[in-house]
Amino acid sequence: MMHLAQAQIPPHPPVAYYNAQCARCHGPGGSFYGPTLGKGKNDAQLREVIRQMCEGQGGMPLQGIDLEAQLAYHRAIIRREPFVCVTLIKPGRLAGEVYDAKSITLQVGSKRFAGRISGDGFSVIVPKGLDARGGTITAIGSKGSKSVLPVKAIFGSRNPLR
1 MMHLAQAQIP PHPPVAYYNA QCARCHGPGG SFYGPTLGKG KNDAQLREVI RQMCEGQGGM
61 PLQGIDLEAQ LAYHRAIIRR EPFVCVTLIK PGRLAGEVYD AKSITLQVGS KRFAGRISGD
121 GFSVIVPKGL DARGGTITAI GSKGSKSVLP VKAIFGSRNP LR
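The numbering of the sequence shown is the numbering used here, which starts it at 1 and goes up by one.
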C-alpha cells in the first residue's frame with residue numbers, strides 16, 4: 001500500500017506507457033482483453049502478470065511506482081471505470097492522464113473547477129492562491145461510473161491505491 005506522504009508522480013505515466021508498449025497487442029484501453037482479464041487474481045497476482053508482460057513482450061520493464069500505477073490502470077479497465085493519473089502539479093495548473101472519462105473536476109474546499117479532457121489527457125486551471133494538492137478529482141466515465149481521487153494519491157480509480 002502506498003501512503004499519501006509517499007505518493008509520487010510515476011516517471012512512466014501509465015496510460016502513455018500502455019499505449020506505447022501494450023496497445024499494439026491488447027488494444028486501445030484494453031479493448032482486445034477478454035472478460036477473463038484479472039478474473040480471480042488479487043493485486044499481487046495481477047501485478048506479477050503485468051510485471052512479466054512489461055519485461056517480456058512490452059520490452060520495457062516497470063517497477064515501483066510505475067508498476068503500481070499500471071496495476072491501478074488495469075483495475076480500472078477491469079472494472080470499466082474512469083482512471084486518473086496526475087502528471088503535473090504546479091501553481092495555476094493541474095494536469096495528467098485519464099482513461100474512460102467524459103468529464104473531470106477538481107474540488108478544493110468548497111470550490112469546484114471544471115477540467116478539460118483532450119484524448120487521454122486532462123488539465124484544470126487552478127486559480128492563484130489555491131493549492132490543488134489539497135483537492136479531490138472527480139472523473140465521470142463514459143457510461144456514468146464515477147471515480148473520486150484525492151490529488152495527493154496521484155493515481156487511481158474508484159478505490160485509489162494509497
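Backbone N, C-alpha and C fix where the C-beta goes; we use that ideal spot for every residue, glycine too.
Given that a residue counts as buried once 16 or more other Cβ atoms are within 10 Å of its Cβ, and exposed if not, what is residue i?
i: Glu48; result: exposed
i: Ile65; result: buried
i: Asp131; result: exposed
i: Pro14; result: buried
i: Pro35; result: exposed
i: Leu88; result: exposed
i: Cys54; result: buried
i: Pro28; result: exposed
i: Ser31; result: exposed
i: Gln21; result: buried
Which residues in the same chain as residue i place their Cβ atom closer than 8 Å to its Cβ, once the five residues preceding and following it in sequence are excluded?
i: Leu71; result: Asp43, Leu46, Arg47, Ile50 and Leu161
i: Leu4; result: For Leu4, the pLDDT reaches just 35, beneath the cut-off of 50, and the residue's location in the model is therefore unreliable, although a value from the coordinates is still provided. Result list for Leu4: Pro150, Lys152, Ala153 and Arg162, in chain order.
i: Pro11; result: Ile65 and Asp66
Please work out which residues of its chain come closer than 6 Å, Cβ to Cβ, to residue i, disregarding the five sequence neighbours upstream and downstream, and give them in chain order.
i: Arg116; result: Ser123
i: Phe83; result: Tyr73, Ala76, Tyr99 and Ser157
i: Gly38; result: Leu46 and Ile78
I think residue i touches residue j, with their Cβ atoms under 8 Å apart; what is that distance to the nearest whole Å?
i: Phe155; j: Ala69; result: 5 Å
i: Val86; j: Ile9; result: 6 Å
By Cβ distance below 7 Å, which residues in the same chain neighbour residue i in space, the five residues on each side in sequence not counted?
i: His26; result: Phe32 and Tyr33
Any heavy atom of the ligand MG closer than 7 Å to the beta-carbon of residue i?
i: Leu71; result: Annotation note on the ligand MG: not contained in the displayed structure, which lists no ligands.
Do three or more CB pairs link the segment 92–107 to the segment 120–140 at distances below 8 Å?
Taking 8 Å as the limit for Cβ pairs, the verdict is that the segment 120–140 does touch the segment 92–107.
- Task: Scan the segment 17–42 and note each continuous alpha helix (DSSP H) run of 4 residues or more that stays entirely inside, going in chain order.
- Result: Unbroken alpha helix (DSSP H) stretches of 4 residues or longer found wholly inside the segment 17–42: 23–26, given in chain order.
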